[in-house]
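Chemist: One structure, pasted below without further comment.
Here it is, written out as structure tokens:
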């Protein structure tokens with residue numbers, strides 16, 4: 001078992017999400033395009049300060065390091081400040097906190113490329129970093145809002161089996177004799193069906209079978225905790241789902257553990 005698994009916090013699910021997002025071909029393509037465009041136009045004075053090859057290399061390193069750090073900050077703050085009441089605070093908090101490590105990274109890279117930013121330059125760079133983060137955060141909000149609207153018709157077949165009042169975001173499913181317990185953010189429902197058939201109907205939700213009787217939606221994992229000496233996941237509904245020993249290797253291969 002990896003160290004720190006028992007005393008998991010919001011950071012582990014956030015790191016997992018960052019790893020999944022930034023290992024996708026789509027994300028890597030976007031980052032490569034962003035680095036190329038920045039290298040081509042040379043913003044923030046880099047066009048005149050660096051030679052062509054150095055400029056492209058500079059922005060490739062900047063984008064490659066700061067993008068996951070900024071995304072991690074945004075995801076972590078969203079997990080630490082959940083609910084609609086905290087929504088108004090997320091954007092300024094994300095911007096202010098993410099700007100600190102990103103500014104430090106930019107300053108370090110600038111020095112590595114022979115630039116010598118002063119304390120005044122550092123303040124300017126921090127302002128530029130927060131401005132970029134602010135723009136990206138707004139873009140993420142717009143994309144997520146659009147995605148939420150288009151995702152509604154694509155609810156899973158399993159969710160369609162539930163009563164209207166219980167249809168919501170899928171959290172987990174569990175085998176209960178000849179029934180399957182389906183848990184969403186709207187409540188719990190027992191369906192008379194086989195567990196393996198229920199798992200087959202969870203798409204397009206990304207999840208994993210973690211026990212012979214349990215399947216979880218990865219987005220709903222908030223942490224981990226030992227249950228009677230054995231590892232388990234803490235879910236967004238507050239429940240604890242045990243991890244079967246035979247499923248540990250597969251979960252590690254997928255980067256879930």
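Numbering (full-length UniProt numbering), first residue to last: 1 to 257. Beta carbons are placed, not taken as given, at the ideal position from N, Cα and C, and that holds for glycine.
Where do the N-terminal and C-terminal ends of the alpha helix (DSSP H) with residue 30 fall, by residue?
Modeler: 25-41
Chemist: State the Cα-Cα distance for the pair residue 128 and residue 240, rounded to the nearest angstrom.
Modeler: 43 angstroms
Chemist: As an exercise, report each continuous beta strand (DSSP E) stretch of at least 3 residues that is fully enclosed by the UniProt domain "HTH LytTR-type" (170-257), in chain order.
Modeler: 170-176, 179-184, 187-191, 207-211, 214-217, 221-227, 230-235, 240-242
Chemist: Could you give the distance in angstroms between the alpha-carbon of residue 252 and the alpha-carbon of residue 115?
Modeler: 42 angstroms
Chemist: Out of 245, 135, 124, state which residue places its alpha-carbon closest to the alpha-carbon of residue 230.
Modeler: 245
Chemist: I need the straight-line Cα distance from residue 157 to residue 210, nearest angstrom please.
Modeler: 21 angstroms
Chemist: So for residue 115, helix, strand or coil by DSSP?
Modeler: coil
Chemist: Rounded to whole angstroms, what is the Cα-Cα separation between residue 200 and residue 242?
Modeler: 21 angstroms
Chemist: Quick check on DSSP: helix, strand or coil for residue 161?
Modeler: Residue 161: coil per DSSP, three-state reduction.
Chemist: Run through DSSP, which three-state label would residue 44 get?
Modeler: coil
Chemist: Reducing DSSP to helix, strand and coil, say where residue 50 ends up.
Modeler: coil
Chemist: Give a yes or no on whether the C-beta atoms belonging to residue 202 and residue 162 are separated by under 7 angstroms.
Modeler: For residue 202 and residue 162, no; Cβs fall outside 7 angstroms.
Chemist: Between the Cα of residue 91 and those of 227, 169, 131, 225, spot the shortest distance and give me the residue it belongs to.
Modeler: 131
Chemist: Residue 106 and residue 71: beta carbons closer than 7 angstroms?
Modeler: no
Chemist: For residue 66, does the count of other Cβ atoms within 10 angstroms reach 16, so buried, or fall short, so exposed?
Modeler: The residue is buried, with at least 16 neighbouring Cβ atoms inside 10 Å.
Chemist: Taking the Cβ atom as the reference point for each residue, do residue 193 and residue 182 lie within a distance shorter than 7 angstroms?
Modeler: Against a cut-off of 7 angstroms, the Cβ pair of residue 182 and residue 193 comes out as no contact.
Chemist: Compute the Euclidean distance between the alpha carbons of residue 126 and residue 100, then round it to the nearest angstrom.
Modeler: Approximately 7 angstroms, taken between the alpha carbons.
Chemist: How many whole angstroms separate the CB atoms of residue 160 and residue 184, which I take to be in contact at a CB cut-off of 8 angstroms?
Modeler: Incorrect: roughly 12 angstroms between the Cβ atoms, too far for contact.
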